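The structure appears below as structure tokens.
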Amino acid sequence: MFKSQLLRDGEEPYKPWVGQKSRKRADRKAYWTFVVAVCLGIVGAAALVATGYLSVKKHNFCLVMEDNFEGTTINDKIWFHEQQTGGFGNGEFEYTTASPNNSYVKDGQLYIVPTLTADSLGEGAITNGYTLNLTASNTCTSSNTSDVYCAVASNSSTGVVLPPVQSARLMTNFSTAIKYGRVEIRAKMPTGNWIWPALWMMPQSSVYGTWPKSGEIDIFESRGNLIKSKDDDTYNVMHSTLHWGLDSMTDRYLKTSKVYQLYRNWYNQQFHTFGLEWTPEGIYTWVDTPTRKVFSWKFDQSFWERGQFPTVSSNGTGYSDPWPKNSLAAPFDQKFYLIMSVAVGGTNGYFDEDDMPWSNNADNARKEFWNAKDSWYPTWPQAPEDRGMLVDYVKVYQLDGVDGAACPAK
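Count along the sequence shown from 1, add 781, and you get the number used in my numbering.
Laid out in structure tokens, this is it:
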């Protein structure tokens, strides 16, 4: 039999080494060495955090625009309706209006709601015999009022159809633009296949040239398509992007684009707060709290270096740096204004072509989209508060001290 080594209740284990004085001194030394090391580690970590916090430049922002959508009408001193028919360079299928059917204020919220053009003009007008001429009605906002951005005539022989959807695009280009600052928007996004809501910014003046040389800041974009699986990129995913490049073929947006996916309380189910903070040192977007960043980019190298552009274009034209050498933020060192829009469809590749009822390369993608109405229109909720973008408030802040301008004294 073996003798049990288990201790009886209350019995202390035998430690013959404890009785040795040298061992006691060694134990005490080890103990205090450990305590001191832990304390030094805590102090060092605290110092590191404090140093990091103090090294971050603190900025002062002043509120330059706030709209809580009180009252019964859209404040036209702040918001300008862009009205065009040509798809805004993306081949979008809507034309934008100032109609109260597509944008209005109700119960302290702004509604931007897509509707069928057939609801106001009749289905027959979409495909044949109707001329939609915003120039004639003096409502077109395009700089070129003689092109397709201002007028379109439906013709069944040629296959040209009117934009089958009406929607709205509201901008602050004539009221508020900022060079560095903050933007905060609380909104709920729309539901419905091929609906494309966006909160974004464009340069007030194209200082460095045509798009995308002068930049574009997309705070929020998503897709209204119904979710089929947990990996779908629709109204559960927020896209934030900077567009910049030498031309449309060299837009380097993929280098400065991030997404933020929700697994519950999706962007179309409840209100979320979307934000941007932008300084000469960098730029970031966030959702619900500034600590929940979506993208964050430091202006620590020029965008010419960041882009790794070719020296020659596809047609043999030489490329050169369009941005100043003394500004690492360029092209994002100029004034930008805010846009809130709800688009529908498009041929620029934003939607997954494998699942689309139209081809991006079709001669008349609008016609293909309209012909497939029975596949997408049933996914659009009848209630405007579900089919449209609802905006609770908008706040725009300017960075203090930019170009010598200071915030008003409090």
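We put the beta carbon where it would ideally sit given N, CA and C, even for glycine. Predicted model, so just to flag it, every value in this text is computed and none were measured.
| Check | Outcome |
| --- | --- |
| By the 10 Å Cβ neighbour count, where 16 or more other Cβ atoms means buried, how is alanine 932 classified, buried or exposed? | buried |
| When burial is assigned at 16 or more other CB atoms within 10 Å of the CB, is arginine 1045 buried or exposed? | exposed |
| Taking its Cβ as the centre, do 16 or more other Cβ atoms sit within 10 Å of alanine 1187, making it buried, or is it exposed? | exposed |
| Which first and last residues belong to the beta strand (DSSP E) in which glutamate 965 is found? | 962 to 969 |
| Quick check: the stretch 948 to 958 against the stretch 1149 to 1160, are there 3 or more CB pairs under 8 Å? | no |
| Could you round the C-beta distance between glycine 1169 and phenylalanine 874 to whole angstroms and report it? I think they count as a contact, below 8 Å. | Incorrect: roughly 16 Å between the Cβ atoms, too far for contact. |
| DSSP three-state call for tyrosine 1118: helix, strand or coil? | strand |
| Nearest to isoleucine 1064 by alpha carbon, out of Leu1109, Glu847, Leu902, Leu1171? | Leu1109 |
| Considering Cα atoms alone, identify which of Asp1167, Cys921, Gly1182 is closest to tryptophan 1047. | Asp1167 |
| Three Cβ pairs or more, each shorter than 8 Å: is that satisfied between the stretch 1012 to 1031 and the stretch 955 to 968? | no |
| Threonine 1128 by DSSP, collapsed to three states: which one? | coil |
| Can you give the Cα-Cα distance for glycine 940 and asparagine 1129, rounded to whole angstroms? | 21 Å |
| Figure out for me which residue from Ala1124, Arg963, Asn1145 has the closest Cα to the Cα of isoleucine 893. | Ala1124 |
| Can you say whether valine 1068 is buried or exposed, counting buried as having 16 or more other CB atoms within 10 angstroms of its CB? | buried |
| Threshold first: 3 residues or longer. Then list the beta strand (DSSP E) segments lying entirely within the stretch 856 to 912, N to C. | 875 to 877, 884 to 887, 890 to 893 |
| With three or more C-beta pairs closer than 8 Å as the rule, is the stretch 963 to 980 touching the stretch 1050 to 1063? | yes |
| Which residue marks the beginning of the beta strand (DSSP E) containing serine 1038, and which one marks its end? | 1038 to 1042 |
| Just tell me which of Gly1088, Val1093, Ala1111, Gly973 has its CA closest to the CA of alanine 1164. | Gly973 |
| Using the Cα positions of proline 1091 and tyrosine 1100, report the straight-line distance between them to the nearest angstrom. | 7 Å |
| Which one of Val1093, Asp1012, Trp1104 has the shortest CA to CA distance from tryptophan 1085? | Trp1104 |
| Excluding the 5 residues preceding and the 5 following asparagine 856 in the sequence, name in chain order all residues of the same chain whose CB lies nearer than 7 Å to its CB. | Asp848 |
| Whole angstroms is fine: what's the gap from arginine 1004's alpha carbon to methionine 952's? | 21 Å |
| Within this structure, are the beta carbons of lysine 858 and glutamine 985 separated by less than 8 Å? | no |
| Taking the alpha carbon of tyrosine 1118 as the point to measure from, which residue in Ile998, Val1172, Cys921 has its own alpha carbon closest? | Ile998 |
| Run through DSSP, which three-state label would proline 1165 get? | helix |
| For the candidate residues Leu1043, Leu1023, Tyr1041, whose alpha-carbon lies nearest to that of leucine 1035? | Leu1023 |
| Classify glutamate 1134: buried if its beta carbon has 16 or more other beta carbons within 10 angstroms, exposed otherwise. | exposed |
| Can you give the Cα-Cα distance for lysine 1106 and glutamate 1062, rounded to whole angstroms? | 15 Å |
| DSSP state of tyrosine 1155, grouped into three classes? | With the sequence shown as reference, residue 1155 is identified as aspartate, and tyrosine is not the correct amino acid for it. It is helical. |
| Could you tell me whether the Cβ atoms of threonine 926 and glutamate 863 are closer together than 8 Å? | no |
| In the DSSP output, which residue or residues are listed as bridge partners for glutamine 947? | Tyr876, Thr896 |
| Determine whether the beta carbon atoms of valine 886 and phenylalanine 850 lie at a separation below 8 Å. | yes |
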